[in-house]
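Asker: I am attaching a structure below and will ask some questions about it afterwards.
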Amino acid sequence: MDGKRLADASSQDASDKLSHSTILAGDIHDDKSPPPDSARGWLVVLGSFLVLMVGVGSVNSFGVYLQEYKLNVFPTTPASTLSWIGCLQGASLNLFGIAAGVLVERIDPRAVIVLGSVVSGGALLAASACKTPLGLLLTHGLLSGIGASFLMIPAFSMPSQWMDRHRALATGIASAGGAIGGAWMSFASRAMIENVGWQWSLRITGLVVVVAGCAFSPLMARRVAVQRRDRIIDFSAMSNLRFLLLFAASLFNGSGYFLPYYFQPSYAVVALGKDSAWGANMSSILNAGSIAGRVFGGFTADFTGPLNALLASVVVSAAAVLAMWLPCKSIGLLIASALLYGFASGSLVSLVPVVTARLFGIKRLPSILGLLFVSYAIGALLGPSVGGKLLDEYGHGTDFTWLIVCAGLFFVLSAVLLLALRMLLGFSIAHRV
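Next comes the structure, spelled out in structure tokens:
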């Protein structure tokens with residue numbers, strides 16, 4: 001019996017090491033699990049797309065409410081104070097990915113999605129009753145982001161469990177849901193604010209998130225069972241050099257990612273002298289490019305390898321910022337920069353779960369992805385705050401030069417780290433990772 005227990009323990013240790021250290025771990029399948037790349041898998045991709053459309057889409061439409069808060073609800077409150085609502089929402093969305101990942105591994109992911117729908121939608125309902133910026137900070141900011149995190153992690157994780165040959169394409173299609181949701185929910189929110197007011201707009205959106213999230217949750221079944229561990233949070237991946245390089249690269253990606261989205265609309269108005277409608281136009285152009293880039297990036301990654309595709313996306317993002325936005329003196333060049341950046345940056349979101357699955361396997365993907373998204377939480381706070389400070393201190397609110405340089409340097413640093421990861425893995429397996 002002792003010998004048998006020792007053999008079983010050795011087998012379990014080997015399995016654990018395999019899931020964290022084998023580069024092609026994502027290709028290992030459990031014979032007892034349903035086969036990958038099936039019609040059932042594409043239903044899961046559809047479910048992920050729909051869950052991200054309402055969950056992350058409601059987060060991406062925050063800018064509409066921020067404008068309303070600044071102009072009409074709290075006109076005497078500093079804009080920087082109200083902007084913290086969005087910063088806290090984005091940070092909690094990523095930071096609470098750790099807790100969401102643990103829940104996805106320990107209970108049915110469909111239950112996690114129901115929980116996230118109720119928390120996220122309930123937060124918007126609670127925000128509609130708030131009378132102070134602090135109340136909105138806690139509801140529309142913190143609580144809404146936490147709920148969306150419980151929607152995002154299972155929606156990003158499940159397609160990689162169900163798909164193998166088309167894993168990157170499937171994840172790209174699913175992640176496009178967040179961008180599409182952000183687009184149509186922004187227009188819908190603006191229309192509701194103008195017709196029924198911001199409070200009823202929040203209430204209607206909150207009810208949509210609760211009902212739609214719960215309705216879509218049955219599609220999100222798990223394919224691979226995860227053996228329960230004694231540790232609630234598994235930090236073992238943090239001792240892995242590959243994880244550390246990917247974490248650091250994601251931190252710089254997250255820091256640079258939001259700067260064009262936040263500041264290119266203002267650049268069109270302030271630096272190029274266009275009317276205020278161009279702010280909304282630039283946001284639409286960026287999001288349109290992002291939708292196409294997420295799908296195309298996933299399609300190409302299935303042939304070139306997700307890490308190679310991610311590295312290429314970072315390099316193109318840096319070029320769109322430094323070679324096009326930095327010298328920009330015309331609206332035509334700014335539109336071209338926004339289209340190219342939106343297209344390239346879409347893959348910065350959609351390919352990270354695929355790279356993670358390739359490096360560390362699909363069984364522990366939710367918890368490892370939750371740890372990895374902490375880097376984006378840090379970046380969501382670091383990038384816009386540093387960029388805004390540079391604009392205020394050195395650009396006096398009108399010269400965007402140092403802000404643009406900062407954004408470009410974030411992507412250059414990320415590219416260097418991803419290249420180091422590529423070299424660590426070796427180029428002989430370039431077509432697989």
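All the letters of the sequence shown, read from the start, carry residue numbers 1 to 433 under my numbering.
Positions of the beta carbon are idealized from the N, C-alpha and C atoms, including for glycine.
Just so we're clear, the structure is a prediction, and the values are computed from it rather than from any experiment.
#1: Between S144 and F96, how many whole angstroms is the CB-CB distance? I'm expecting something under 8 Å.
#2: Could you work out which residue in G387, S385, V119 and M163 is closest to R142 when comparing CA atoms only?
#3: Under 9 Å, do W162 and V44 count as touching if we go by C-beta distance?
#4: In three-state DSSP terms, what is P260?
#5: So within the segment 248-322, which uninterrupted alpha helix (DSSP H) runs reach at least 4 residues, ignoring any that extend past its ends?
#6: With a Cβ-Cβ cutoff of 9 Å, do V208 and V54 count as a contact?
#7: Any chance the segment 164-172 sits against the segment 68-77, with 3 or more Cβ pairs inside 8 Å?
#8: Anyone know if the C-beta pair for S217 and V51 falls short of 9 Å?
#9: With a CB to CB cut of under 6 Å and the five nearest residues on each side skipped, what residues in its chain are close to L259?
#10: Extract the residue ranges of the alpha helix (DSSP H) inside the segment 75-104, only unbroken runs of 4 or more that lie entirely within it.
#11: Can you tell me which of F62, G346, D108 and P75 puts its alpha carbon nearest to the alpha carbon of V224?
#12: At the level of alpha carbons, what is the spacing between L251 and S345?
#13: Could you compute how far the alpha carbon of G122 sits from the alpha carbon of G57?
#14: Considering only their Cβ atoms, is the gap separating A377 from A179 smaller than 9 Å?
#15: Taking the alpha-carbon positions, what's the D302 to T171 distance?
#16: Using DSSP with H/G/I as helix, E/B as strand and the rest coil, what is T205?
#17: Could you give the C-beta distance for L334 and C328, rounded to a whole number, given that I count them as a contact under 8 Å?
#18: Could you check the C-alpha separation between L425 and R242 for me, to the nearest Å?
#19: Compare the beta carbon distance of G213 and S61 with 9 Å and say whether it is the shorter of the two.
#20: Mind checking Y435: buried by the 16 CB within 10 Å criterion, or exposed?
#21: Pick helix, strand or coil for Y376, following the three-state DSSP scheme.
#22: Roughly how many angstroms lie between the CA atoms of L421 and L245, to the nearest whole one?
#23: If I'm right that F360 touches A237 with Cβ under 8 Å, what's the distance once you round it to whole angstroms?
#24: Under DSSP, the alpha helix (DSSP H) around P218 begins and ends at which residues?
#25: With P36 as the anchor, note down where its alpha helix (DSSP H) starts and where it stops.
#26: Use the C-beta contact count for G297: other C-beta atoms within 10 angstroms, 16 or more gives buried, fewer gives exposed.
#27: Give the single residue among F49, L391, T398 and E393 whose Cα lies nearest to the Cα of L219.
#28: Taking a contact to mean a Cβ-Cβ separation below 9 Å, would you say P265 touches N281 in this structure?
#29: For R422, which of helix, strand or coil comes out of DSSP?
#30: Using only the heavy atoms of the ligand GDP, determine whether one of them is closer than 8 Å to the beta carbon of W278.
#31: Excluding five sequence neighbours on each side, which residues of the same chain lie with their C-beta closer than 7 Å to the C-beta of C130?
#32: Three-state secondary structure (DSSP) at F400?
#33: If contacts are defined as beta-carbon pairs under 8 Å, then I285 and L339 qualify, I think. What distance do you get, rounded to the angstrom?
#34: Using only the alpha-carbon positions, how far apart do V210 and M423 sit?
#35: Distance, Cα to Cα, R358 vs S83?
#36: Just reading off the alpha helix (DSSP H) that I331 is part of, what are its end residues?
Answerer: Answer, in terms of the structure:
#1: Incorrect: roughly 11 Å between the Cβ atoms, too far for contact.
#2: For the record, residue 142 in the displayed sequence is Leu; it is not Arg. Of the candidates G387, S385, V119 and M163, the residue whose Cα lies closest to the Cα of L142 is V119.
#3: Cβ distance < 9 Å, so W162 and V44 count as in contact.
#4: It is helical.
#5: Fully enclosed alpha helix (DSSP H) runs of 4 or longer: 277-304 and 306-319.
#6: Yes. Within cutoff.
#7: Under the 8 Å Cβ criterion, the segment 164-172 does not count as touching the segment 68-77, having fewer than three qualifying pairs.
#8: Contact flag set, yes.
#9: Cβ within range, chain order: G383, G387 and A407.
#10: Listed in chain order, the complete alpha helix (DSSP H) runs (minimum 4 residues) inside the segment 75-104 are 79-95.
#11: Checked all of F62, G346, D108 and P75; the closest Cα to V224 is D108.
#12: A straight line joining the alpha-carbon of L251 with that of S345 spans about 14 Å.
#13: Looking at the backbone, the Cα of G122 and that of G57 are separated by about 16 Å.
#14: Against a cut-off of 9 Å, the Cβ pair of A377 and A179 comes out as no contact.
#15: When rounded, the separation of the alpha-carbon atoms in D302 and T171 is 11 Å.
#16: Helix at T205.
#17: About 5 Å; that satisfies the 8 Å criterion.
#18: A direct Cα-Cα distance of roughly 8 Å separates L425 from R242.
#19: Contact flag unset, no.
#20: As displayed, the chain neither begins before 1 nor continues past 433, which places residue 435 out of reach and without an answer.
#21: Y376 falls in the helix class under three-state DSSP.
#22: Whole-angstrom Cα-Cα distance: 6 Å.
#23: Yes, they are in contact, since the Cβ atoms of F360 and A237 sit about 6 Å apart, within 8 Å.
#24: Run containing P218: none; DSSP gives neither H nor E here.
#25: For P36, there is no enclosing alpha helix (DSSP H), as DSSP marks it with neither H nor E.
#26: So G297 counts as buried.
#27: Among F49, L391, T398 and E393, the Cα nearest to that of L219 is on F49.
#28: Cβ distance < 9 Å, so P265 and N281 count as in contact.
#29: Note: R422 maps to helix in three-state DSSP.
#30: Within the structure as shown, the ligand GDP is missing, as the structure has no ligands at all.
#31: For C130, where only same-chain residues beyond five positions count, the Cβ hits under 7 Å are L136 and T139.
#32: Under the three-state reduction of DSSP output, F400 falls in the coil class, being neither helix nor strand.
#33: Distance from I285 to L339 at the Cβ level is roughly 6 Å; contact confirmed, criterion being Cβ atoms closer than 8 Å.
#34: Taking the CA atoms as reference points, V210 sits about 45 Å from M423.
#35: Their backbone Cα atoms lie some 37 Å apart in a straight line.
#36: Residues I331 to S350.
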